[in-house]
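The numbering used here puts the first residue of the sequence shown at 84, with every later residue one more than the last. Every residue gets a Cβ at the ideal spot worked out from N, C-alpha and C, and that includes glycine. Just below is one structure, and these are the notes that go with it.
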Amino acid sequence: MLSTSKGLGRVAYNFCARIHVVPAARIGRQRRLQALAAINNPIGARLAMVLQQLRADEPDESARWSHRIEAKRRELAVCRNVIEGQTVRHVCSASKKQRPATLLHLLIREFKPQSALELGTCIGISSAYQAAAMKLNGQGRLVTLEGSRSRIQLAQEVHQDLGLDNITYIQGRFSDTLPHALNAGEPVEYAFIDGHHQEKPTIEYFEMIRPLAADNCIMIFDDIRWSPGMWSAWQQVVAHPSTRIAVDLVSVGICVITPTLHAGSRHSTAPILA
Ligand SMILES: C[S@@+](CC[C@H](N)C(=O)[O-])C[C@H]1O[C@@H](n2cnc3c(N)ncnc32)[C@H](O)[C@@H]1O
84 MLSTSKGLGR VAYNFCARIH VVPAARIGRQ RRLQALAAIN NPIGARLAMV
134 LQQLRADEPD ESARWSHRIE AKRRELAVCR NVIEGQTVRH VCSASKKQRP
184 ATLLHLLIRE FKPQSALELG TCIGISSAYQ AAAMKLNGQG RLVTLEGSRS
234 RIQLAQEVHQ DLGLDNITYI QGRFSDTLPH ALNAGEPVEY AFIDGHHQEK
284 PTIEYFEMIR PLAADNCIMI FDDIRWSPGM WSAWQQVVAH PSTRIAVDLV
334 SVGICVITPT LHAGSRHSTA PILA
């Protein structure tokens, strides 16, 4: 074990496990971001920059998209139409709120994936934020998977109203549709897992995506503290040898994976309040 840099508190390097814990729990958010930016992997600095940006004003063009998507959310949030036995407004409440949805948007703006995968379309709020980022990037397509036919239909209407035409929809259970989505595409550069929040399926989806991931694929897991099972799933993702960086944002976990094993240090953060 080794202690480093003054001001960053105690940063532990465990050479056996090749895990670098950034940093001790007492240290504040800003210091944790500095520590993330300082790890010996340039992706760490880019992730830290995105997290800083989330606190600052969004770039104008992103803010314009955010206003439009939030106006659409407000419409849905008062809609009493019933789909599959639930009001739209009730279903809408499961959508990512503005701030975490903006995080997804900013990650896509920064990493500019050609292919992005989403598990859990629901009625299309998080997909709108991600697809809008790809529009602004001038490249890329979002493939989004959803079990409910009615939800995916409504999401399509939402996206049409917003002028988002860079989304492919795949309806069906993830266990059936994910292999198909993965076979069809390029190496996965980005994936957002936001459905079926249980330990075993979450690990199964990780294991299905992992071998087809591009180097430095960004994977985001929602609700990592939703249940002991989800927390266990996140811990397994963090501990996996192909995980190079794992950032704990309390409700959301971001990891950077490379499918090929090669010697090199791995980095994992203590919780950072995004
Ligand atoms: C939390 S919602 C997604 C919210 C959406 N990402 C957003 O923020 O706007 C999860 C969605 O995953 C879908 N889902 C859950 N388990 C699934 C499964 N095994 N196969 C397909 N869809 C599933 C649900 O129908 C639900 O619409």
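Tell me which same chain residues have a C-beta within less than 6 Å of the C-beta of residue i, skipping the five on either side of it?
| i | result |
| --- | --- |
| residue 200 | 226, 271 and 274 |
| residue 170 | 163 |
| residue 108 | Confidence at residue 108 is low in this model, with a pLDDT of 49, below 50, so its placement is unreliable and no value can be given for it. |
| residue 321 | 329 and 351 |
| residue 192 | 216 |
| residue 237 | 206 |
Can we count residue i as close to ligand 1, meaning its CB is less than 6 Å from some heavy atom?
| i | result |
| --- | --- |
| residue 175 | no |
| residue 205 | yes |
| residue 231 | yes |
| residue 336 | no |
| residue 277 | yes |
| residue 234 | yes |
| residue 179 | yes |
| residue 257 | yes |
| residue 301 | no |
| residue 286 | no |
| residue 208 | yes |
Work out the CA separation of residue j and residue i for me, nearest whole Å.
| i | j | result |
| --- | --- | --- |
| residue 318 | residue 229 | 25 Å |
| residue 294 | residue 115 | 30 Å |
| residue 327 | residue 166 | 41 Å |
| residue 214 | residue 196 | 11 Å |
| residue 337 | residue 149 | 22 Å |
| residue 305 | residue 277 | 5 Å |
| residue 182 | residue 348 | 31 Å |
| residue 354 | residue 219 | 30 Å |
| residue 259 | residue 135 | 38 Å |
| residue 217 | residue 315 | 32 Å |
| residue 209 | residue 184 | 6 Å |
| residue 187 | residue 194 | 11 Å |
| residue 255 | residue 111 | 43 Å |
| residue 297 | residue 323 | 16 Å |
| residue 234 | residue 250 | 15 Å |
| residue 331 | residue 133 | 14 Å |
| residue 106 | residue 124 | With a pLDDT of 49 at residue 106, under the threshold of 50, the modelled position of this residue cannot be trusted; read the value that follows with caution. C-alpha separation (whole angstroms): 16 Å. |
| residue 143 | residue 137 | 13 Å |
| residue 310 | residue 245 | 34 Å |
| residue 286 | residue 172 | 31 Å |
| residue 190 | residue 241 | 22 Å |
Residue i bridges to which residues according to DSSP?
| i | result |
| --- | --- |
| residue 229 | 254 |
| residue 169 | 166 |
| residue 302 | 274 and 338 |
| residue 198 | 224 |
| residue 332 | 335 |
| residue 296 | 271 |
Using C-beta distances below 8 Å, list every residue in its chain close to residue i, excluding the 5 sequence neighbours before and after it, in chain order.
| i | result |
| --- | --- |
| residue 291 | 261, 262 and 265 |
| residue 257 | 202, 228, 230, 278, 279, 284 and 288 |
| residue 212 | 148, 149, 152, 179, 184, 185, 187 and 188 |
| residue 222 | 195 and 197 |
| residue 341 | 296, 298, 299, 300, 325 and 327 |
Spatial neighbours of residue i within its chain, please: CB distance less than 7 Å, with the 5 preceding and 5 following residues excluded, ordered by chain position.
| i | result |
| --- | --- |
| residue 175 | 156, 159, 160 and 206 |
| residue 120 | 127, 128 and 131 |
| residue 269 | 197 and 198 |
| residue 239 | 252 |
| residue 282 | 312, 313, 315 and 316 |
So, with DSSP's three-state summary, where would you put residue i?
| i | result |
| --- | --- |
| residue 89 | Residue placement at residue 89 cannot be trusted, given a pLDDT of 31 that sits under 50; the coordinates are not used to answer. |
| residue 319 | helix |
| residue 149 | helix |
| residue 185 | helix |
| residue 64 | For residue 64 there is no data in the structure shown, the boundaries of the chain being 84 and 357. |
| residue 326 | strand |
| residue 160 | coil |
| residue 211 | helix |
| residue 114 | helix |
| residue 281 | coil |
| residue 127 | helix |
| residue 140 | coil |
| residue 235 | helix |
| residue 246 | coil |
| residue 180 | coil |
| residue 314 | helix |
| residue 307 | coil |
| residue 122 | coil |
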